[in-house]
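Notes follow the structure.
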Amino acid sequence: ETGVTQSPTHLIKTRGQQVTLRCSSQSGHNTVSWYQQALGQGPQFIFQYYREEENGRGNFPPRFSGLQFPNYSSELNVNALELDDSALYLCASSYTGGGGYTFGSGTRLTVV
Amino acid sequence: AQSVAQPEDQVNVAEGNPLTVKCTYSVSGNPYLFWYVQYPNRGLQFLLKYITGDNLVKGSYGFEAEFNKSQTSFHLKKPSALVSDSALYFCAVRDPSKAAGNKLTFGGGTRVLVKP
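Those protein sequences? They're chains A and B, same order as listed.
Just so you know, the first sequence maps onto residues 1 to 112 in the working numbering.
Just so you know, the second sequence maps onto residues 1 to 116 in the working numbering.
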């Protein structure tokens, strides 16, 4: 059974740029969620994808967008990066109707 | 709206002593409750969950948690702490109603320091 894999592990971007983060779901899971964890805080829900459609969103602006692919892998895209976007971005996969979530190790994004 | 509170920013305990990390929650329906641990520069590692059934849940690495519906609490416990348990611990809740989706709401985290 494979876990959740995120890439890249670290990334440095300049304010105003765009970034794409990637996530491969755990085998058998059909739902992907993304979370932002700022330094010293708990993870905050960004959005969730099921059957390639967004079906839940937290309090994040539209410049945060995503995709889910037929193999259940996912991308998080952030446009017009701001300094406050610097954080650890976590991907979690789960199976709708099940109770468990498997998290990846995260992508550390630094915006300078 | 669902929410989670972890009232202690840090818990210090001597190795071999019992460890308790507190969590209270607020959710409209019957909650799904989770505990995760995070080591420096790493993702979240699952410890245990409560969905239904026995209020005492046993998880990984000797951890357990007790669901208390009347007090809306889900405290994490370990009878004998190890230095290697030093990490950041997060409690999370999910409202299982369809309208809420699969969203997890996390507490702010509690740093555990186990001293030799």
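Think of the CB as a built atom: it goes at the ideal place given N, C-alpha and C, for glycine as much as any other residue.
In this text, all values refer to a predicted model and were calculated from it rather than measured experimentally.
Return the Cβ separation of residue i and residue j in integer angstroms, given the expectation that the two are a contact with Cβ distance under 8 Å.
i	j	result
Ala92 of chain A	Thr107 of chain A	With a Cβ gap of about 13 Å, Ala92 of chain A and Thr107 of chain A do not count as contacting.
Tyr25 of chain B	Ser3 of chain B	7 Å
So, residue i versus residue j, is the Cβ gap smaller than 8 Å?
i	j	result
Ser25 of chain A	Val19 of chain A	no
Gln44 of chain A	Gly28 of chain A	no
Arg15 of chain A	Leu81 of chain A	yes
Phe90 of chain B	Gly109 of chain B	yes
Val112 of chain B	Ala87 of chain B	yes
Gln37 of chain A	Leu83 of chain A	no
Glu52 of chain A	Gly66 of chain A	no
Phe69 of chain A	Ile46 of chain A	no
Gly107 of chain B	Gly42 of chain A	yes
Phe67 of chain B	Tyr50 of chain B	yes
Leu48 of chain B	Val57 of chain B	yes
Gln6 of chain B	Lys22 of chain B	yes
Ser74 of chain A	Cys23 of chain A	yes
Can you look up residue i in the DSSP assignment and give me helix, strand or coil?
i	result
Val4 of chain A	coil
Val11 of chain B	strand
Ser70 of chain B	coil
Gly62 of chain B	helix
Ala97 of chain B	For the sequence presented, residue 97 of chain B should be read as Ser rather than Ala. In the structure shown, Ser97 of chain B sits in coil (DSSP, three-state: anything other than H, G, I, E or B).
Val112 of chain A	coil
Leu82 of chain B	coil
Leu83 of chain A	helix
Ala38 of chain A	coil
Val27 of chain B	coil
Lys22 of chain B	coil
Phe106 of chain B	strand
Gln44 of chain A	strand
Ala92 of chain B	strand
Asn41 of chain B	coil
Ile12 of chain A	strand
Ala92 of chain A	strand
Asn55 of chain A	strand
Ser105 of chain A	coil
For a cutoff of 8 Å on Cβ pairs, would you count residue i as touching chain C?
i	result
Thr20 of chain A	Here chain C cannot be found, since the structure's protein chains are A and B.
Within the chosen definition, does the region 35-55 of chain B reach the region 2-20 of chain B through at least 3 CB pairs nearer than 8 Å?
no
Give, in chain order, every residue of the region 43-63 of chain B whose Cβ lies closer than 8 Å to some Cβ of chain A.
Gly43, Leu44, Gln45, Phe46, Lys49 and Ile51
Contacting positions in the region 73-97 of chain B - beta carbon closer than 7 Å to chain A:
Phe90
Output, in sequence order along the chain, the residues in the region 29-46 of chain A whose CB is closer than 9 Å to any CB in chain B.
Thr31, Ser33, Tyr35, Gln37, Gly40, Gln41, Gly42, Pro43, Gln44 and Phe45
Using a Cβ-Cβ cut-off of less than 9 Å, give me the residues of the region 8-41 of chain B that come near chain A, in sequence order.
Tyr32, Phe34, Tyr36, Gln38 and Asn41
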